[in-house]
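For reference, the structure is listed below as structure tokens.
In our numbering, the protein residues as written are 9 to 245.
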């Protein structure tokens, strides 16, 4: 399987890390070197094919996430994460209060007011950061009784619990998950109640910022995201 590469440094780093990474109970789409040993050739890289498709198996996605992040503990923060300037990196930094929305990319309407309200409730998070996969929902594949497969790694330098919180937000928005997962997954995220609430808050802000700022967000998707905000807000401390 080959795909285009937008950032050769990121693609090469991912290949170096995941070439030999062992994740218990998880299949990985291992990178493939070119005949001369390179990971990226003419703007393309290659990975081994893994069978499967996404499924609404939220608990199994959660288990795969925990296994992956346990395996990534100790991997140093790559420099390119601090230099990345795509929309998703912008939304991530905005959600964590590291930058301000000076260009009003989130707009001035109802969605922007919801975002501001979430930001007002932001408090410090004590959990340590590590390399995490920030887009696991939809990127965990299932094929019968085979172990789940993880594809399309999108790295961030955040607490592992934040990556779990992003899965929870996505599962509630797009996967028909029950609202009870917000309480049930706190223990898996290894975060006290108040800290878990803050991680959920930031995950929700991250997804909302992307929906508001992305020029191709369909109106129905934005409505779904705003409805998810309204659904989760009562559970935030």
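C-beta atoms are modelled at their ideal positions from N, C-alpha and C, and glycine is treated no differently.
By the Cβ criterion, the segment 14-30 is not in contact with the segment 56-70, since fewer than three pairs of Cβ atoms, one from each stretch, lie closer than 8 Å. When the alpha-carbon of residue 218 is set against those of 187, 112, 192, the nearest one is in 112.
Residue 140: member of the beta strand (DSSP E) spanning 138-141, first to last residue. Around residue 237, the same chain offers 122, 126, 212, 216 as residues with beta carbons nearer than 8 Å, after the five sequence neighbours per side are excluded. In the three-state DSSP reduction, residue 145 falls in the coil class, being neither helix nor strand.
Pairing residue 176 with residue 190 gives a Cβ-Cβ distance under 8 Å. By the criterion of a C-beta distance shorter than 7 Å, residue 184 is surrounded in its chain by 64, once the five residues flanking it on both sides are discounted.
Taking C-beta atoms under 8 Å as the contact rule, residue 60 and residue 157 qualify, at a distance of about 5 Å. Rounded to the nearest whole angstrom, the C-alpha separation of residue 173 and residue 151 is 25 Å. Here the alpha carbon of residue 95 sits roughly 25 Å from the alpha carbon of residue 149. Relative to residue 141, the option among 118, 167, 220 whose CA is nearest is 167. The beta carbon of residue 110 lies closer than 8 Å to none in the same chain, with the five residues before and after it left out. For residue 57, the secondary structure class from DSSP, reduced to helix, strand or coil, is coil. Annotation: residue 138 to residue 76 spans about 12 Å, alpha carbon to alpha carbon. Put simply, of 153, 204, 187, 240 the residue whose alpha carbon is nearest the alpha carbon of residue 171 is 204.
Relative to the Cα of residue 243, the nearest Cα in the group 84, 192, 28, 105 belongs to 192.
Around the beta carbon of residue 187, fewer than 16 other beta carbons sit within 10 angstroms, so the residue counts as exposed. Residue range 168-182 is occupied by the alpha helix (DSSP H) that includes residue 182, with no beta strand (DSSP E) assigned at that position. Across the set 98, 9, 120, 30, the C-alpha of 120 shows the shortest separation from the C-alpha of residue 234. If the five residues before and after residue 9 are omitted, its C-beta is found closer than 6 Å to the C-beta atoms of 55, 57, all from its own chain and listed in chain order.
Assignment of beta-bridge partners to residue 12 by DSSP yields 52.
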